[in-house]
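Beneath this line is the structure, given in structure tokens, with notes to follow.
2 protein chains.
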Amino acid sequence: MNFKWVEHGSVTSVPGFRASGVTAGFKRSGAPDFAMIFSDAPANFAGAFTSCSFAAAPVQICRKRVLNSPFVRCAVINSGNANACTGKSGLADAERTCERAAVRLGIAADEVLVSSTGRIGVPMPMDTIANGIDLAVAALSPNGGETAALAIMTTDTQPKSVALTLEIGGKVVTLGAMTKGAGMINPEMKVPHATMLCYLTTDVAADNALLSEMMGRVAAGSFNRITVDGDMSTNDTFVIMANGRSGVRIEAGSPEAAAFEAAMLEVARRLAREMVMDGEGATKFVTVKISHAATEADARLCAEAVANSLLCKTAWFGGDPNWGRVVAALGYSGAKFDPDKADIFYDSIPVVKNGGDAGTTEAKLVGVVKQREFTVSVDLHDGDAEYWVWTCDVSYEYVKINADYHT
Amino acid sequence: MNFKWVEHGSVTSVPGFRASGVTAGFKRSGAPDFAMIFSDAPANFAGAFTSCSFAAAPVQICRKRVLNSPFVRCAVINSGNANACTGKSGLADAERTCERAAVRLGIAADEVLVSSTGRIGVPMPMDTIANGIDLAVAALSPNGGETAALAIMTTDTQPKSVALTLEIGGKVVTLGAMTKGAGMINPEMKVPHATMLCYLTTDVAADNALLSEMMGRVAAGSFNRITVDGDMSTNDTFVIMANGRSGVRIEAGSPEAAAFEAAMLEVARRLAREMVMDGEGATKFVTVKISHAATEADARLCAEAVANSLLCKTAWFGGDPNWGRVVAALGYSGAKFDPDKADIFYDSIPVVKNGGDAGTTEAKLVGVVKQREFTVSVDLHDGDAEYWVWTCDVSYEYVKINADYHT
Chain A
1 MNFKWVEHGS VTSVPGFRAS GVTAGFKRSG APDFAMIFSD APANFAGAFT SCSFAAAPVQ
61 ICRKRVLNSP FVRCAVINSG NANACTGKSG LADAERTCER AAVRLGIAAD EVLVSSTGRI
121 GVPMPMDTIA NGIDLAVAAL SPNGGETAAL AIMTTDTQPK SVALTLEIGG KVVTLGAMTK
181 GAGMINPEMK VPHATMLCYL TTDVAADNAL LSEMMGRVAA GSFNRITVDG DMSTNDTFVI
241 MANGRSGVRI EAGSPEAAAF EAAMLEVARR LAREMVMDGE GATKFVTVKI SHAATEADAR
301 LCAEAVANSL LCKTAWFGGD PNWGRVVAAL GYSGAKFDPD KADIFYDSIP VVKNGGDAGT
361 TEAKLVGVVK QREFTVSVDL HDGDAEYWVW TCDVSYEYVK INADYHT
Chain B
408 MNFKWVEHGS VTSVPGFRAS GVTAGFKRSG APDFAMIFSD APANFAGAFT SCSFAAAPVQ
468 ICRKRVLNSP FVRCAVINSG NANACTGKSG LADAERTCER AAVRLGIAAD EVLVSSTGRI
528 GVPMPMDTIA NGIDLAVAAL SPNGGETAAL AIMTTDTQPK SVALTLEIGG KVVTLGAMTK
588 GAGMINPEMK VPHATMLCYL TTDVAADNAL LSEMMGRVAA GSFNRITVDG DMSTNDTFVI
648 MANGRSGVRI EAGSPEAAAF EAAMLEVARR LAREMVMDGE GATKFVTVKI SHAATEADAR
708 LCAEAVANSL LCKTAWFGGD PNWGRVVAAL GYSGAKFDPD KADIFYDSIP VVKNGGDAGT
768 TEAKLVGVVK QREFTVSVDL HDGDAEYWVW TCDVSYEYVK INADYHT
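Residue numbers (my numbering), protein chains in the order written: chain A, 1 to 407; chain B, 408 to 814.
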């Protein structure tokens with residue numbers, strides 16, 4: 001594909017977008033905890049959100065925007081408080097957040113998207129929000145993307161911000177994005193549906209329906225294929241804002257739309273990968289790939305069972321090739337396949353042949369699983385369907401982070 | 408119920424059963440690793456086994472016994488090697504194990520049950536098996552039950568062995584049992600279906616069909632409701648042997664059968680509870696109880712999502728009341744319910760009311776979750792169905808045990 005990564009890319013690599021990241025006061029550490037993205041022009045948009053039945057107040061607001069707002073201008077994002085399970089007052093708080101931002105920016109409240117991440121069930125400190133909005137508006141800058149990415153971090157060890165450019169119809173268009181992990185990661189986002197947050201900006205012009213359609217497929221091929229801990233969040237949010245500034249309009253079914261969607265997938269996969277690499281306490285990045293399954297549903301059941309198996313994840317942490325745990329997870333996955341035909345590989349090294357030991361020496365297998373990154377491939381010899389998932393290990397550090405998490 | 412726990416109870420508390428536990432040589436540590444139970448008379452029996460599609464060779468043998476053998480006399484159990492994913496040669500090894508035991512005991516091979524637990528995918532060292540059989544036959548004793556329970560341990564920190572007596576029709580009958588955990592525990596056993604192993608002995612007389620029927624219900628009310636790590640084993644086995652020696656015959660549908668089944672459930676629950684208490688690295692025993700769900704299936708989805716949530720389990724380890732993680736797990740469980748009606752209690756302390764913070768102080772909640780044992784109750788206010796699960800926390804020790812497990 002004809003694209004180029006932008007050095008120090010961010011949501012503000014896209015012409016017409018400004019952003020900021022400030023310390024509003026949510027985090028005890030004093031680290032940046034409030035971000036804003038602002039589009040100089042009305043931006044078409046689409047969103048995909050958590051399928052958790054306890055959807056946080058800001059998610060409820062965003063869903064409403066997707067249904068009712070033809071375009072948006074702004075997104076405000078705080079870390080340190082999820083505004084989830086906060087009832088009607090939480091919803092009112094999220095509305096008031098949009099209203100204040102709107103007033104300060106001279107736009108309408110229904111042109112504002114809002115996202116939150118952090119502790120669940122704690123009322124939103126509205127003074128801190130007000131402080132954040134005022135500071136963020138004042139700090140908006142065409143170079144603010146990287147700071148914004150810093151401000152949305154929770155347990156992430158590093159900010160996740162990228163941008164790429166590609167040519168469509170002789171013109172250059174840009175896609176910028178930022179995201180955060182790094183726990184409660186097992187998104188299953190449905191369109192008008194991680195606590196992953198991902199904001200994409202672009203200067204193509206596209207209508208909301210097309211953006212939504214592309215977003216659904218992109219989420220299915222990226223964020224919905226990652227897991228850190230198997231826990232889905234109340235706040236997962238994936239948003240794209242398109243301001244049309246490049247003069248390139250993309251239409252459903254066109255080669256331009258296909259090219260743009262491919263670029264969007266590239267951005268989303270890169271960020272999804274970074275999210276797993278930076279998963280809480282993670283020391284290993286593991287691709288679980290199932291091939292030749294009878295159906296994609298069977299392949300997915302197998303991939304997700306292995307990717308979420310606590311025994312597999314702790315074995316990986318220990319650099320233990322223990323393939324019995326992989327086999328056990330496949331066996332309880334609920335997928336239909338013939339165990340006697342299953343082959344397993346670690347990278348390209350045969351581990352299991354026809355459901356039994358392939359005879360590779362332990363030392364060779366240890367060589368693979370000691371790496372920072374490797375692939376567990378399972379060939380079911382049962383059909384043509386396939387599926388893959390990105391996952392990480394479970395370490396002492398994971399337990400430490402989560403046994404003692406108070407923002 | 409009219410029963411009495413037997414002090415130092417075991418499978419040999421039941422008249423007519425002998426047992427032994429010996430060091431065959433599977434474990435590097437030199438700890439006992441081979442157990443035998445022998446019934447002086449032909450015993451009716453039933454078994455429930457893992458629903459993992461990679462069922463270990465000994466499980467396959469036991470299933471065949473359930474189908475074809477009218478009665479059994481003996482069970483041989485080794486720890487340190489699972490004989491799973493060992494293909495045709497593994498199956499032949501399991502057959503040869505039965506054959507050797509049969510020859511030494513002067514019985515038929517199809518009167519021998521076999522179970523294995525330990526590392527998956529390693530060929531069974533048949534010399535060690537032969538050694539185990541010879542030693543175990545020589546050591547068979549009417550007082551051998553407790554030693555047998557020692558010999559089936561893997562990562563368990565203590566043996567799990569009980570017996571009770573109850574009166575049925577004026578006569579005393581006895582139920583003895585032994586089991587082992589302590590990882591790869593999330594059994595879902597189907598009748599003629601953990602690496603939990605549980606062997607029950609009794610001196611009632613009952614036909615295999617009735618024993619099987621009772622076992623199905625007992626497993627559903629005990630072992631199938633526990634989880635340590637959410638990983639189901641290739642080797643889970645639950646067996647009952649009934650030698651009839653008490654002279655009490657129980658018939659399907661009789662009050663005697665009901666009394667016996669209740670006692671069986673009591674034994675199974677006590678052992679299931681001990682298994683979770685002794686779960687790998689566990690420092691907390693947590694009952695997750697869902698009430699007033701629309702259907703039992705919804706209640707079960709909710710209970711299992713919370714019980715298997717890595718974020719809930721690490722929070723419990725940390726003594727962190729973090730109810731947001733409970734709520735998130737309920738929300739992604741797939742169960743149908745109205746989040747705005749859900750109430751949550753830690754023991755009897757209100758935590759969540761109508762889907763939001765119940766206003767209890769953090770200190771009070773910490774008081775509950777700091778305990779060795781507590782209950783997370785969720786009232787969905789949505790119907791009359793309920794379900795409960797026993798689970799434990801995930802600790803540094805859990806990671807340690809499983810990052811570095813070689814028997």
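No residue lacks a Cβ here, since even glycine has one placed at the ideal position from N, Cα and C.
Is any beta-carbon of chain B found at less than 9 Å from that of Ser-408(A)?
-> Outside the shown range of chain A (1 to 407) lies residue 408(A), about which nothing can therefore be said.
Run down chain A in chain order and give the residues with a C-beta less than 8 Å from the C-beta of Gly-731(B).
-> Along the second sequence, one-based indexing puts residue 731(B) at 324. Within chain A, the residues near Gly-731(B) are Ala-82, Ala-84, Cys-85, Arg-119, Ile-120, Gly-121, Thr-234.
Which chain A residues sit within Cβ distance under 7 Å of Pro-746(B)?
-> Position 339 of the second sequence, counting from 1, holds the residue named residue 746(B). By Cβ distance, chain A contributes Ser-53, Phe-54.
Rounded C-alpha distance that separates Thr-314(A) from Ala-810(B) | Along the first sequence, read from residue 1 onward, the residue named residue 314(A) stands at position 314. Along the second sequence, read from residue 1 onward, the residue named residue 810(B) stands at position 403. The straight-line gap from Cα to Cα measures roughly 5 Å.
Of all the CB atoms in chain B, is at least one closer than 9 Å to the CB of Val-394(A)?
-> Your numbering for residue 394(A) matches position 394 in the first sequence. Closer than 9 Å to some Cβ of chain B, the Cβ of Val-394(A) qualifies, so yes.
When burial is assigned at 16 or more other CB atoms within 10 Å of the CB, is Ala-282(A) buried or exposed?
-> Locating residue 282(A) in the first sequence gives position 282, where the first residue counts as 1. Answer is buried; the Cβ neighbour count reaches 16.
Segment contact flag, the region 54-73 of chain A with the region 152-166 of chain A, C-beta cutoff 8 Å, min 3 pairs | no
Proximal residues of chain B, C-beta to C-beta of Thr-155(A) below 9 Å = Numbered from its first residue, the first sequence carries residue 155(A) at position 155. Those do not exist, as Thr-155(A) stays about 12 Å from chain B at its closest Cβ, beyond 9 Å.
By the 10 Å Cβ neighbour count, where 16 or more other Cβ atoms means buried, how is Val-69(A) classified, buried or exposed?
-> Working through the first sequence from its first residue, we reach residue 69(A) at position 69. Looking at the sequence itself, residue 69(A) is Ser, so the reference to Val does not match. Burial call: buried.
Reduced DSSP secondary structure (H/G/I, E/B, other) of Thr-561(B) | Start at 1 with the first residue of the second sequence, and residue 561(B) comes out as number 154. Coil.
Please confirm if Gly-331(A) has its CB atom under 9 Å from at least one CB of chain B.
-> Within the first sequence, numbered from 1, the residue matching residue 331(A) stands at position 331. Taking Cβ atoms only, chain B reaches closer than 9 Å to Gly-331(A), which makes this a yes.
Per DSSP, what kind of secondary structure is Glu-7(A) in: helix, strand or coil?
-> Counted from its first residue, the first sequence places residue 7(A) at position 7. Coil at Glu-7(A), not helix or strand.
So, is Ala-601(B) buried or exposed, given that buried needs 16 or more other C-beta atoms within 10 angstroms?
-> Position 194 of the second sequence, counted from the start, is the residue given in the question as residue 601(B). For Ala-601(B), the pLDDT reaches just 45, beneath the cut-off of 50, and the residue's location in the model is therefore unreliable, leaving the point undetermined.
Around the Cβ of Phe-424(B), are there at least 16 other Cβ atoms within 10 angstroms (buried) or fewer (exposed)?
-> In the second sequence, the residue the question calls residue 424(B) occupies position 17. Buried.
Candidates Gly-9(A), Ala-297(A), Leu-197(A), of which the one nearest Ile-240(A) by Cα = Here residue 240(A) refers to the residue found at position 240 when the first sequence is read from its first residue. The option with the nearest alpha carbon to Ile-240(A) is Leu-197(A).
Could you check which residue in Val-783(B), Ser-802(B), Asn-615(B), His-788(B) has the C-alpha nearest to that of Val-796(B)?
-> By 1-based counting over the second sequence, the position of residue 796(B) is 389. Considering only alpha carbons, the answer is Val-783(B).
Flag this pair as touching only if the region 669-679 of chain B and the region 708-717 of chain B have three or more C-beta atom pairs under 8 Å; answer yes or no.
-> no
In the structure shown, what three-state DSSP assignment does Asn-308(A) receive?
-> In the first sequence, counting from the first residue as 1, residue 308(A) sits at position 308. Asn-308(A) falls in the helix class under three-state DSSP.
Mind checking if Phe-317(A) is an interface residue toward chain B, Cβ cutoff 9 Å exclusive?
-> For the purposes of this step, residue 317(A) is identified with residue 317 of the first sequence, where counting begins at 1. So yes, Phe-317(A) belongs to the interface.
With 16 other CB atoms within 10 Å as the buried threshold, where does Leu-330(A) fall?
-> Position 330 of the first sequence holds residue 330(A). Buried: at least 16 other Cβ atoms inside 10 Å.
Among Glu-793(B), Glu-804(B), Val-785(B), Asp-764(B), the one whose alpha carbon lies nearest that of Val-122(A) = On the first sequence, residue 122(A) is found 122 positions in, with the first residue counted as 1. The residue with the shortest Cα to Cα distance from Val-122(A) is Asp-764(B).
Residues that DSSP places opposite Met-648(B) in a beta bridge | Taking the second sequence and counting its residues from 1, the one referred to as residue 648(B) is at position 241. Answer is Phe-452(B), Thr-608(B).
Just the chain A side, please: which residues come within less than 7 Å of Ser-716(B) by C-beta, in chain order?
-> Position 309 of the second sequence, counted from the start, is the residue given in the question as residue 716(B). Ordered by position in chain A, the residues that pass the 7 Å Cβ test against Ser-716(B) are Asp-231.
What did DSSP end up calling Val-327(A) once you bin it into helix, strand or coil?
-> Looking up residue 327(A) in the first sequence gives position 327. Residue state, collapsed to three classes: helix.
Locate the beta strand (DSSP E) running through Glu-780(B), then write down its first and last residues.
-> On the second sequence, residue 780(B) is found 373 positions in, with the first residue counted as 1. Taken as a continuous stretch (DSSP letters only), the beta strand (DSSP E) holding Glu-780(B) covers 780-786.
Name the chain B residues that come within less than 8 Å of Asn-402(A), Cβ to Cβ?
-> For this step, residue 402(A) is matched to residue 402 along the first sequence. The contacting residues are Leu-717, Leu-718, Thr-721, Ala-722, Gly-725.
Using the DSSP secondary-structure output, state which residues sit across from Arg-119(A) in a beta bridge.
-> Residue 119(A) sits at position 119 when you count from the first residue of the first sequence. Beta-bridge pairing links Arg-119(A) to Asn-81(A).
The beta strand (DSSP E) spanning Ile-514(B) covers which residue range?
-> Numbered from its first residue, the second sequence carries residue 514(B) at position 107. Note, Ile-514(B): premise wrong, no beta strand (DSSP E); not H, not E.
Short CB-CB distance (under 9 Å) between Gly-588(B) and chain A = Taking the first residue of the second sequence as 1, we reach residue 588(B) at position 181. No, its Cβ sits nowhere closer than 9 Å to a Cβ of chain A.
Nonlocal neighbours in the same chain, by C-beta distance under 7 Å from Cys-312(A), ignoring five residues either side | As a working mapping, residue 312(A) is identified with position 312 in the first sequence. Counting only Cβ-Cβ distances below 7 Å, and skipping sequence neighbours, we find Val-306, Arg-325, Val-326, Ala-329.
Pairwise C-alpha distance: Arg-677(B) and Trp-412(B) | Taking the first residue of the second sequence as position 1, residue 412(B) is located at position 5. Taking the first residue of the second sequence as position 1, residue 677(B) is located at position 270. Going by the C-alpha atoms only, they are around 11 Å apart.
Could you give the DSSP three-state label for Leu-542(B): helix, strand or coil?
-> The residue given as residue 542(B) occupies position 135 in the second sequence. DSSP places Leu-542(B) in helix when its eight states are reduced to three.
For the beta strand (DSSP E) that contains Glu-663(B), what are its first and last residues?
-> Along the second sequence, read from residue 1 onward, the residue named residue 663(B) stands at position 256. That residue, Glu-663(B), is in no beta strand (DSSP E); its alpha helix (DSSP H) goes 662-684.
Leaving aside the five residues before and after Val-695(B) along the sequence, list all residues of the same chain whose C-beta is less than 7 Å from its C-beta, in chain order.
-> Numbered from 1 along the second sequence, position 288 holds the residue referred to as residue 695(B). Excluding sequence neighbours, Val-695(B) sits near Ala-710, Val-713, Ala-714, Val-783, Trp-795, Val-796, Thr-798.
Are Phe-452(B) and Ala-649(B) touching if we call contact CB-CB under 9 Å?
-> Position 45 of the second sequence, counted from the first residue, corresponds to residue 452(B). Position 242 of the second sequence, counted from the first residue, corresponds to residue 649(B). Yes; because the gap between Cβ atoms is below 9 Å, this pair is in contact.
Give a yes or no on whether 9 Å exceeds the smallest Cβ distance from Ala-735(B) to chain A.
-> Here residue 735(B) is taken as the residue at index 328 of the second sequence, counted from 1. Yes, Ala-735(B) counts as interfacial toward chain A.
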